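With full-length UniProt numbering applied, the sequence shown covers 1 to 272.
Working notes for the structure below.
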Amino acid sequence: MKILTLNTHAWAEEDQLNKISQLADFINTHQFDVISMQEVNQSIQEAALSAEELKHYFATESDAVIKKDNYAYVLLTQLTETYYWTWIPAHVGFSKYDEGLAILSRTPITQAFGEYVSHMRDYDNYRTRKIVGVQTELQGEATWFVNGHYNWWDDEQEPFKGQWELTESKLAPYMDQPLYLMGDFNNVAEVRGEGYDYMMSKGWNDLYTTAVQKDDGATVVKAIAGWADNKRDLRIDYIFSNRPVQAKSSTVVLNGKNGPVVSDHYGVAVEI
1 MKILTLNTHA
11 WAEEDQLNKI
21 SQLADFINTH
31 QFDVISMQEV
41 NQSIQEAALS
51 AEELKHYFAT
61 ESDAVIKKDN
71 YAYVLLTQLT
81 ETYYWTWIPA
91 HVGFSKYDEG
101 LAILSRTPIT
111 QAFGEYVSHM
121 RDYDNYRTRK
131 IVGVQTELQG
141 EATWFVNGHY
151 NWWDDEQEPF
161 KGQWELTESK
171 LAPYMDQPLY
181 LMGDFNNVAE
191 VRGEGYDYMM
201 SKGWNDLYTT
211 AVQKDDGATV
221 VKAIAGWADN
231 KRDLRIDYIF
241 SNRPVQAKSS
251 TVVLNGKNGP
261 VVSDHYGVAV
271 EI
């Protein structure tokens, strides 16, 4: 099983269409089973897609309208394999986009959920955060894949700890099955006593830590939005499991070495 997670920084990149094509080529080469993407944007003013164009889309939220420039949809049109997918909006991004979360799966989605993990529900405030989860059958077993994009540990209005407590409660009904939780957590693995340690104290298995083969794991290596003063390499994008799983490998990808740079984050690819 191959899993990819990437914060796409959708429609905020220079040469964006070419970068989507580069990402599509990378996915076509590696044929990931599940792909989790954050900052998946679509223009608020864009026209909606037709039902025919959404035949492999699973409606997690019945009122979510998928627009013609939805980043995940544009990417999907360039993939050689059929992917089943879902997307939910979380908040307004860059004042003109519906910013949301997408999951792509090579096997059909059988169930899905979307949940708030912020106490805030203001669609116009970027601190409003959600998770999206899909269930699919892999290797004969029903498995959950959950995608999230979180706030910072010390955010004054919506600190990470409260969002993680909500995450734990929202995931409780699904924990009797294998579950993988991934995304952009905005909490640095090397910083003690903050978000990463708090997550690990809850019993999650970091697939990077347990992988047989791995690299330095850093997915942000410059100053970016949310890390404006950053001058070091950060490991803030993770793939966790709720059960003890040892990955064959955990690799930073889409970093100019293992695939082209397509976002302000690098991706994480895990093979189990």
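Even glycine gets a Cβ: it sits at the ideal position worked out from N, Cα and C.
Bear in mind the structure is a predicted one, so any value in this text is a computation, not a measurement.
Contacting residues, own chain, Cβ-Cβ under 6 Å from residue i (five flanking each side not counted)
i	result
T210	Q246
Y126	H91
N242	M175, L179
N255	Y266
Spatial distance of residue i from residue j (CA atoms)
i	j	result
M1	T143	12 Å
V262	A172	34 Å
Y196	Y71	29 Å
H9	Q22	14 Å
L104	Y83	6 Å
D98	M37	14 Å
V188	V132	22 Å
G100	N41	6 Å
K161	N186	12 Å
P178	D33	15 Å
A51	N7	27 Å
V134	V146	6 Å
E137	I20	28 Å
E156	Q139	43 Å
Q78	Q16	14 Å
E194	I272	28 Å
A24	K257	17 Å
Distance between beta carbons of residue j and residue i, contact taken as under 8 Å
i	j	result
Y57	T29	Y57 to T29, Cβ: 24 Å. No contact.
M120	E158	6 Å
H149	E39	7 Å
Contacts around residue i, its chain only, beta-carbon distance under 7 Å, and the 5 residues preceding and following it disregarded
i	result
Y123	H91, V92
F94	A12
G259	F26, V253
I88	T60, E61, A64, G100, L101, G114, K130, V132
V74	I20
T5	S36, M182, G183, D237, I239, G267, V268
L54	I66
Burial state of residue i (16 or more Cβ within 10 Å)
i	result
L76	buried
P108	exposed
S201	exposed
N18	exposed
T128	buried
V220	buried
T110	exposed
D184	buried
P244	exposed
residue 285	Lying outside 1 to 272, the shown extent of the chain, residue 285 is not represented and no answer is given.
Pair within 8 Å by beta-carbon distance, residue i and residue j
i	j	result
D215	T251	yes
D229	H265	no
K130	E115	yes
I35	V270	no
T80	F113	no
V212	S169	no
V117	Q163	yes
W152	G226	yes
Neighbour flag for residue i against chain D, beta carbons, 8 Å
i	result
L101	Going by chain labels, chain D is absent from the structure shown, which holds only one protein chain.
Other residues of its chain near residue i: CB distance less than 8 Å, five sequence neighbours each side excluded
i	result
A48	V65, I66, K67, K68
F240	Y180, L181, M182, M199, W204, N205, D206, L207
K96	S43, I44, Q45
D233	D216, A218, V220, V221
Q31	K2, E81, R106
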